[in-house]
Amino acid sequence: MMLARSLPDDATGWWIYLGTFVLYALGRLFFAWMQARREGDRHPVRAAFAEEDDPDASSAALRGGFRSYRQFFGFVGSAVAVVLVAALTGGRLRVVLLWIIIPLLVIALSYLDFFQARKARSRAV
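Numbering (this note's numbering), first residue to last: 863 to 987.
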């Protein structure tokens, strides 16, 4: 049972977990803002926040399902990459690689989710 992990006991661990969720949300808002700017919206920030309130766009996230194989394989591939880096490296190299790879993977997953929601909205219109 030495491999089992418990929840963090210190505030730093919880801030890291919270930071990944915040990074994901900021990535989604950034991609929605960029799309609104490309479409010529007069208030792209409002459009970005209004997109997150769209129930059709967030229904898959509420169910916990994947809308496409890209999302599924992106999630699984990201988990495999993090596990491989954590298992095959050690010390400072592990910390540096995880601090680089995890934010990149979180942003990539937020883009995949944004892309799928945008495609679903374009089909509905």
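Cβ coordinates follow ideal geometry from the N, Cα and C atoms, glycine included.
List the whole-angstrom C-beta distance separating residue i from residue j, where the pair is believed to meet the contact cut-off of C-beta under 8 Å.
{"i": "V947", "j": "L960", "result": "6 Å"}
{"i": "S988", "j": "G881", "result": "Here the chain comprises residues numbered 863 to 987, so residue 988 is not present and cannot be evaluated."}
{"i": "V944", "j": "I969", "result": "About 14 Å; that fails the 8 Å criterion."}
{"i": "Q1025", "j": "S930", "result": "In the structure displayed, the chain extends from 863 to 987; residue 1025 sits before or after that span and is not available."}
Suppose the cutoff is 8 Å on Cβ atoms and the five residues either side in sequence are ignored; what does the same chain contact list for residue i look like?
{"i": "R925", "result": "Reliability fails at R925, whose pLDDT of 47 lies under 50, so the model's placement of it is uncertain and no value is given."}
Within the same chain, show all residues whose beta-carbon is closer than 7 Å to that of residue i, passing over the 5 residues directly before and after it, in chain order.
{"i": "R980", "result": "Q897"}
{"i": "R932", "result": "L974"}
{"i": "D872", "result": "none"}
So, is residue i buried or exposed, given that buried needs 16 or more other C-beta atoms within 10 angstroms?
{"i": "L974", "result": "buried"}
{"i": "F935", "result": "exposed"}
{"i": "F883", "result": "exposed"}
Cutting at 6 Å between CB atoms, please list the residues of its own chain near residue i, excluding the five before and the five after it.
{"i": "R899", "result": "P906"}
{"i": "L891", "result": "A910"}
{"i": "F976", "result": "R890 and F893"}
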